[in-house]
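Written out below as structure tokens is the structure these notes cover.
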Amino acid sequence: MSDRIKWGVLGTGRIIGKAGVALKEAANGMWYGVAGRTEENGRSAAERFGVPHTYESYEALLRDPEIDAVYIALLNHLHKEWAVKACEAGKHVLLEKPFSLSGSEAKAIAEAAQKHNVLVREAFVWKYYPGFEQMRDWIGEGAIGQWARFYGRFSLVADEVSSRWRKDWGGGALYDIGCYPVAWARYFTREEPVAADAALPG
């Protein structure tokens, strides 16, 4: 691997307009290639974002020896399949949230990463903000009081054709945005949740 990581992106949805730009601006990396569900989708994304290489399929991107790491920006139910395949291809993986749809899927990804000696990370950018680490330290030290309860509120309005309405695709509130409050609670407490509840607004 050279000093600059060559990134391949699987997926051409809206999220790559944010994450892909970050890959291009990173001092230690470059957005080398992109593949979509169809060859045309990949070519269109490459033209839109100025990516030098495009592929006819996800598999073709994973076969490219020039690719060092893969950002998987696919629908939730595809995360496990393509994360495992990327590991098997010897690529490091940045996996869009949610990491997977079940504990067994997460375990399969972790085992594939270990077997093929690659790194896999979930794309939670907030973990790398210094302020979050400082808050966790204050909570752990008791500097801002005794921990009693975590209350999280995070929402968005999905359009009618959004994949977030497809339960079989890992849609719904928990996987797509509810994973943030769950992750924050685990991060700040350094503990696993015992119980959780949620309610519709109104």
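Residue numbering for the sequence shown follows my numbering, beginning at 3 and increasing consecutively.
Quick reminder that beta carbons are idealized off the backbone N, C-alpha and C, glycines included.
Computed from a predicted structure; not experimentally measured.
In this structure, I69 sits near G35, with a CB-CB distance shorter than 8 Å. Nearest Cα to A150 within the set F190, F101, V127 and A115: F190. The beta carbons of V72 and V95 sit closer together than 8 Å. Out of G174, G180 and F156, the CA that lies nearest to the CA of S164 is found in G174. Taking each of G180, I74, K20 and G133 in turn and checking the Cα distance to R155, the smallest one comes out for G180. Of the candidates D178, T40, I18 and T14, the residue whose Cα lies closest to the Cα of A160 is D178. The way I'd put it, the segment 108 to 120 doesn't touch the segment 45 to 60; fewer than three beta-carbon pairs between them come closer than 8 Å. The beta-carbon separation of G172 and L77, rounded to 7 Å, stays under the 8 Å limit for a contact. G133 carries a helical assignment under DSSP once its states are collapsed to helix, strand and coil.
Sequence-distant partners of Y60 (beyond 5 residues in either direction) whose C-beta falls short of 7 Å from its own C-beta, in its chain, are L12, A37 and W84.
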